[in-house]
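What follows is a single structure, written as structure tokens, with notes after it.
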Ligand code: ARG
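Numbering (my numbering), first residue to last: 2 to 468.
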């Protein structure tokens, strides 16, 4: 058994089961790179400030770089009984360079160290997540152009409501993902705060140069209170919250694609590559990818609740409970990114069954509002027109007809305001084209939304937002 780095005040070794129980190396080994880079910056600063000798600082840096190389080559052997990644790196360093390694932890605590590592890790993880949302948004934009005129029914209460287009429908999801990007970008701003120098909780008596470390690690600001710096996990909770909202969006999208791929709808067909068959029913083609993304949404909500509940009763400052943060936040991170990636591929390969959507939009009275609006344009008050068209719908239902199937004679029997031009005004194309307010389904409106979105995405991906 290895001697613990904190063994000084202990007379007995830790119980083996307790050692396993409290070890976090299996999860925090993911932060090896961040831990090593944080230590390099810290050691460099200690040397510059004369807190350790420049020779020791150089040796530490060299030793840490060799550990980083081994880690990146996959040859670094970690020791489970060394608790966590911080203790592991320090222990390996001392094995490699001897005495100088024992000076690395001067003016630092694992409490500010773990906060630093996790912030560094999450800053790049947020960038990665934003990048994956951008990829999905690019996939959406790629498909909308061909569907600016593709009519489909829009639903409210899952009942056919008014005609829209596939492009208009897809751009609704584009907007949801745009808010996800904005939320994550905002979350990244608060993650970007450098905690080192907070020590265990009460800062340090050494003349540490916090700004130097801050600059070297690429943070843009210093944590302003040492107690808060080691107590705060808001950035993890915010990430899990952003991830939960994003998963909710993906889940709604999946839900619709699942419904739309059913035989009752047949609006879309999933590619075989993203579907599975049944072990008993030979005819089946199931939308498993979409179902699994929908299912995994619950898991990410679970991670958010895990973090909120873990933090809610904790006194300031660090408590070991907080070691649980990483499993939850990494699970949210992995799940959301796996889902984004697979969803993007699934979406890019599905087929829209446009004839079937057009046919479906033609029944179910999706043009009823437009018939009422036609009467309004002829001078009828809207409430009266609504009532008239309601009666018309009832009559059509009895005869199994659509409003457009009725003759002008039949229409006039209900309201004398109907004239020959009514048929042009209530066709599906006219219904869609008439809704040309900004944000509406008319091709001209959707096209300008698409152009604005393409510009936004271009600016997003040309800057360093996703880095
Ligand atoms: N493994 C710990 C964590 O992940 C590191 C910080 C431990 N600090 C301490 N004083 N026990 O939270």
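No residue lacks a Cβ here, since even glycine has one placed at the ideal position from N, Cα and C.
Ranked by Cα distance from residue 159, the options 301, 111, 367 and 423 are led by 367. Between ligand 1 and residue 80, a heavy atom-to-CB distance of less than 6 Å is absent. The three-state secondary structure of residue 216, taken from DSSP, is helix. Here residue 26 is not near residue 71, since their CB atoms are 7 Å or more apart.
In the DSSP assignment, residue 154 falls within the beta strand (DSSP E) that extends over 152-157. The alpha-carbon of residue 138 is positioned some 23 Å away from that of residue 154. 7 Å or more divides the Cβ of residue 196 from the Cβ of residue 291. Short of 7 Å from the beta carbon of residue 133, and not among the five residues preceding or following it, lie these beta carbons of its own chain, in chain order: 338, 341 and 342. In the DSSP annotation of this structure, residue 161 is not part of any alpha helix (DSSP H); the continuous beta strand (DSSP E) holding it starts and ends at 160-166. Per the C-alpha coordinates, the member of 24, 164 and 16 positioned closest to residue 361 is 164.
Between the alpha carbons of residue 108 and residue 460 lies a gap of roughly 42 Å. In the DSSP secondary-structure assignment, residue 352 is bridged to 270.
Look at residue 367 here: in three-state DSSP terms it is coil, with no helix or strand label. A residue is called buried once 16 or more other Cβ atoms fall within 10 Å of its Cβ, and residue 298 is buried on that count. Nearest neighbour of residue 100 by Cα position, chosen from 12, 57, 313 and 462, turns out to be 57.
When secondary structure is reduced to three states using DSSP, residue 277 falls in the strand class. Counting the other Cβ atoms within 10 Å of the Cβ of residue 17 gives fewer than 16, which makes it exposed.
Spanning the alpha carbons of residue 204 and residue 113 requires a straight line of approximately 9 Å. Taking all protein chains in view, the Cβ of residue 192 is crowded by 16 or more other Cβ atoms within 10 Å, so the residue is classified as buried.
Measuring C-alpha to C-alpha distances from residue 68 to each of 51, 40 and 83 identifies 40 as the nearest. Taking the CA atoms as reference points, residue 232 sits about 57 Å from residue 357. Within the same chain, 418 come within 6 Å of residue 381 by CB-CB distance, once the 5 residues on both sides are set aside.
Between residue 300 and residue 336, the gap from beta carbon to beta carbon is short of 7 Å. About 5 Å separates the CB atoms of residue 311 and residue 325; that is less than 8 Å, so the two are in contact. Between residue 344 and residue 247, the CB-CB gap reaches or exceeds 7 Å. A direct Cα-Cα distance of roughly 9 Å separates residue 102 from residue 93. In this structure residue 372 does not touch residue 237 by the C-beta definition: roughly 54 Å separates them, more than the 8 Å allowed. Judged by beta-carbon spacing, residue 295 lies within the 7 Å limit of residue 255, meaning their Cβ atoms are closer than that value.
Of the heavy atoms belonging to ligand 1, none sits nearer than 6 Å to the Cβ of residue 307. By the neighbour-count definition (other C-beta atoms within 10 Å, threshold 16), residue 304 is a buried residue. By the Cβ criterion, the stretch 423-434 is not in contact with the stretch 391-400, since fewer than three pairs of Cβ atoms, one from each stretch, lie closer than 8 Å. Between ligand 1 and residue 322, a heavy atom-to-CB distance of less than 6 Å is absent. Taking the Cα positions, residue 90 is about 36 Å away from residue 181. Annotation for residue 198: no alpha helix (DSSP H) segment contains it, and DSSP assigns it neither H nor E. The Cβ atoms of residue 88 and residue 6 sit closer than 7 Å to each other. In this structure, residue 222 lies away from residue 263, with their beta-carbon atoms at least 7 Å apart.
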